[in-house]
């Protein structure tokens, strides 16, 4: 019963669907580690059971061989005793002949007993051999599964580490994504753009004010020249000659102080 129980566990473990078990596990890596330990423990236990079963089989085979040999030996002794009895009977000695015939009968009884024991043990030996072969096959399957588990475990660990590294890289890149309006970089960039816009506005305002100041200076210089020439006329002197100025295409100023050409005609 113990041998069958061990064999049942070996068969169950060997037929286990690893992928299905991993799909149901919360932590596949820990489950694989535990399965590897369980497999190693069961293989060690099964190896001991198989060794014991093989030992028992060898003992049965030895007993069977001894029974076969004993049967052959007793057969030889029965034949020898029977021949000896025939010799004494031929020599006219019936008492000794009967004695050896009795010995031949005893030898034949022992031969029959040995043959019966050999026949009785033959089915047990055959069954034990079948169990041993199945146990050996189960052990081989378990050893194959152990290699598969170890390979699967290593693959899973490598894939897990790769996925973890990729996740960390993705999170790192996401945290510095400049296109993300919520990121620190984007907010800092917006702040710089506002400061640059403020500087540009201040520059434009400063340039506009400077142009107005220069225009005021030009108007003041022209008015000063007119007053100087008028004063010269009133004092009876001729106005100072000025360099020729190209005629202007601008429309006459509509200011109330300007002089119309009709006023010159009246003079």
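Numbering (our numbering), first residue to last: 125 to 391. Note that the Cβ used here is the ideal one computed from N, Cα and C, for glycine as well.
Helix, strand or coil at residue i [DSSP, three-state]
i           : result
residue 284 : helix
residue 217 : coil
residue 359 : coil
residue 378 : In this predicted model, residue 378 has a pLDDT of only 45, less than 50, meaning its place in the structure is not dependable; the value taken from the coordinates is given anyway. Coil, per DSSP.
C-beta atoms of residue i and residue j nearer than 9 Å
i           : j           : result
residue 234 : residue 221 : no
residue 157 : residue 311 : no
residue 167 : residue 267 : yes
residue 174 : residue 259 : yes
residue 242 : residue 198 : no
residue 281 : residue 176 : no
residue 215 : residue 225 : no
Residues of its chain near residue i, where Cβ-Cβ distance is below 7 Å and the 5 sequence neighbours each way are ignored
i           : result
residue 320 : none
residue 369 : Residue placement at residue 369 is poorly supported in this model, since its pLDDT is 48, which falls under 50; the coordinates still yield a value, given next. Result list for residue 369: empty, nothing under 7 Å.
residue 163 : 137, 266, 269, 270 and 273
Contacting residues, own chain, Cβ-Cβ under 6 Å from residue i (five flanking each side not counted)
i           : result
residue 228 : 202, 205 and 206
residue 236 : none
residue 195 : 235, 238 and 239
residue 178 : 256
Rounded distance between the beta-carbons of residue j and residue i, thought under 8 Å
i           : j           : result
residue 170 : residue 263 : 6 Å
Neighbourhood of residue i by C-beta distance below 8 Å, restricted to the same chain and skipping five residues each side
i           : result
residue 184 : 245, 248, 249 and 252
### Message
Ignoring anything shorter than 4 residues, give me the alpha helix (DSSP H) runs that lie fully in the stretch 152-225, in order along the chain.
### Response
152-214, all fully within the stretch 152-225.
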